[in-house]
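Participant: Have a look at this one before I ask anything.
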Amino acid sequence: MMNITEITTFFGWCTLINMSVYTFSALFIMVFKSFTTNLHSKLMGMNPAELPSLYFKYLGNYKIAILLLNFSPYIALKIMA
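Start counting the sequence shown at 3; every next residue gets the next number (our numbering).
Here it is in structure tokens:
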């Protein structure tokens, strides 16, 4: 059975890893915008003009998920411990 310290550490690492993936995704989309748009439009058969709004939605939803599912439990456990 895990104690509160181990669970806090777990959520801390989850937050760090997910924020790293989020940052990498955002930077990759910003720096290589034309490459990413062309690649995804060819793979998915979508209009390249639609993709920036989909990227924005993806990054926004991912950030909300990180805050709700990783960071909030981490802060709550830090307060409890």
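The C-beta atom is built at its ideal place from N, Cα and C for all residues, glycine as well.
Does Ala83 come out as helix, strand or coil in the three-state DSSP assignment?
Facilitator: Here residue 83 refers to the residue found at position 81 of the sequence shown. Correct three-state label for Ala83: coil.
Participant: I need the straight-line Cα distance from Ala78 to Asn49, nearest angstrom please.
Facilitator: Stepping through the sequence shown from its first residue, residue 78 is reached at position 76. Stepping through the sequence shown from its first residue, residue 49 is reached at position 47. Taking the straight line from one Cα to the other gives about 43 Å.
Participant: Residue ranges of each alpha helix (DSSP H) run of no fewer than 4 residues wholly in the segment 37 to 68, ordered along the chain?
Facilitator: 53 to 68
Participant: Can you grab the Cα-Cα spacing for the pair Phe26 / Met82, in whole Å?
Facilitator: One-based indexing of the sequence shown puts residue 26 at position 24. One-based indexing of the sequence shown puts residue 82 at position 80. Distance between the alpha carbons of Phe26 and Met82: 32 Å.
Participant: Compute the minimum distance between the beta carbon of Met48 and the heavy atoms of the ligand COA, and state whether it is under 7 Å.
Facilitator: You won't find the ligand COA in this model; it holds no ligand whatsoever.
Participant: What first and last residue would you give for the alpha helix (DSSP H) that runs through Leu29?
Facilitator: Within the sequence shown, numbered from 1, the residue matching residue 29 stands at position 27. From DSSP, the alpha helix (DSSP H) with Leu29 extends over 6 to 33.
Participant: For Asn20, which residues from the same chain have a beta carbon less than 7 Å from its beta carbon, with the 5 sequence-adjacent residues on both sides left out?
Facilitator: In the sequence shown, residue 20 corresponds to position 18, counting from 1. Excluding sequence neighbours, Asn20 sits near Ile68, Asn72.
Participant: Distance, Cα to Cα, Leu29 vs Ser43?
Facilitator: Residue 29 sits at position 27 when you count from the first residue of the sequence shown. Residue 43 sits at position 41 when you count from the first residue of the sequence shown. Approximately 19 Å between the Cα atoms of the pair.
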